[in-house]
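Chemist: The structure under discussion is supplied below as structure tokens; questions concerning it will follow.
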Amino acid sequence: MNRVGIGYDVHQLVEGRKLFLGGIEIAHAKGLDGHSDADVLIHAIADAILGALGSGDIGHHFPNTDERWRGVSSLVFLKEIRRMLEKRGATLENIDASLVAEAPKIGPHIARMKAVLGEALGLAPECVGLKATTNETMGFLGRGEGIAAMAVACVSLPK
Ligand code: MG
Numbered sequence: 017m018n019r020v021g022i023g024y025d026v027h028q029l030v031e032g033r034k035l036f037l038g039g040i041e042i043a044h045a046k047g048l049d050g051h052s053d054a055d056v057l058i059h060a061i062a063d064a065i066l067g068a069l070g071s072g073d074i075g076h077h078f079p080n081t082d083e084r085w086r087g088v089s090s091l092v093f094l095k096e097i098r099r100m101l102e103k104r105g106a107t108l109e110n111i112d113a114s115l116v117a118e119a120p121k122i123g124p125h126i127a128r129m130k131a132v133l134g135e136a137l138g139l140a141p142e143c144v145g146l147k148a149t150t151n152e153t154m155g156f157l158g159r160g161e162g163i164a165a166m167a168v169a170c171v172s173l174p175k
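All residue numbers for the sequence shown refer to the working numbering, where the first residue is 17 and numbers rise by one.
Set out below in structure tokens:
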């Protein structure tokens, strides 16, 4: 039985933070603000997988009131979610995600993000879809005030 899930997240870009996207650090004047490393792409993917499992969301499983998750790499969340998938006898079939960022340029980093995300989730690179677009200078994303991500995930579960 196949199940799909959807995830969306947005974080503010601020000075004095490192920028993490898709599990890698990217050189940029600003970083995303948040309790963990604020990797908005991983958070959207995590919510998509949890959605496919019908199992709450990232805020439920990894609350920002929990000191365990302060400053932690969001790859840790994927590791935990992989454990949840295993527990349910579920197989993650593929993920597909889009980043919305005015800057920095995401294109040069896509291949490495796909490799890191695929490794973390046990997916072949062709099962990790990853695209990026700008917001055409419109709105808060277009002004570079933050970065947003959306993702879908397909999970197969035993009948
Ligand atoms: Mg988040």
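We put the beta carbon where it would ideally sit given N, CA and C, even for glycine. Bear in mind the structure is a predicted one, so any value in this text is a computation, not a measurement.
Give a single yes or no on whether residue 77 has its beta carbon closer than 7 Å to a heavy atom of the ligand MG.
Modeler: Numbered from its first residue, the sequence shown carries residue 77 at position 61. Flag unset: Cβ of residue 77 not near the ligand MG.
Chemist: Could you check where the alpha helix (DSSP H) with residue 69 kicks off and where it finishes?
Modeler: In the sequence shown, counting from the first residue as 1, residue 69 sits at position 53. Run containing residue 69: 56-69, per the alpha helix (DSSP H) assignment.
Chemist: Have a look at 167, 23, 78 and 70 and flag the residue whose alpha-carbon is nearest the alpha-carbon of residue 50.
Modeler: Working through the sequence shown from its first residue, we reach residue 50 at position 34. Taking residue 50 as reference, the option from 167, 23, 78 and 70 with the minimal CA-CA separation is 78.
Chemist: From what residue to what residue does the beta strand (DSSP E) around residue 116 run?
Modeler: By one-based count along the sequence shown, residue 116 stands at place 100. Its beta strand (DSSP E) spans residues 107-116.
Chemist: Take the Cβ of residue 22 as the centre, count every other Cβ of all protein chains shown within 10 Å, and call the residue buried at 16 or more, exposed below.
Modeler: The residue given as residue 22 occupies position 6 in the sequence shown. Counting the other CB atoms within 10 Å of its CB gives residue 22 a total below 16, which places it among the exposed residues.
Chemist: Listed in chain order, which residues are found with a beta carbon closer than 7 Å to a heavy atom of the ligand MG?
Modeler: This selection yields 25, 27, 50, 54, 56, 59 and 74.
Chemist: From the DSSP output, in three-state form, read off residue 26 for me.
Modeler: By one-based count along the sequence shown, residue 26 stands at place 10. Residue state, collapsed to three classes: strand.
Chemist: Can you tell which of 112, 148 and 141 has the C-alpha that lies nearest to the C-alpha of residue 118?
Modeler: By 1-based counting over the sequence shown, the position of residue 118 is 102. It is 148 whose Cα lies nearest to the Cα of residue 118.
Chemist: In three-state terms, what does DSSP make of residue 98?
Modeler: To locate residue 98, count along the sequence shown from 1; it is residue 82. Here residue 98 sits in helix by DSSP.
Chemist: Give a yes or no on contact between the stretch 156-164 and the stretch 61-69, applying the rule of three or more CB pairs nearer than 8 Å.
Modeler: no
Chemist: In terms of residue numbering, what span does the beta strand (DSSP E) encompassing residue 146 cover?
Modeler: By 1-based counting over the sequence shown, the position of residue 146 is 130. That run of the beta strand (DSSP E) goes 144-149.
Chemist: Since residue 52 and residue 107 should fall inside the 8 Å C-beta cutoff, what is the C-beta to C-beta distance between them, to a whole number of angstroms?
Modeler: Walking along the sequence shown from the start, residue 52 turns up at place 36. Walking along the sequence shown from the start, residue 107 turns up at place 91. Residue 52 to residue 107, Cβ: 26 Å. No contact.
Chemist: Helix, strand or coil for residue 122? Go by DSSP, reduced to three states.
Modeler: Counting from 1 along the sequence shown, the entry for residue 122 is found at position 106. Coil.
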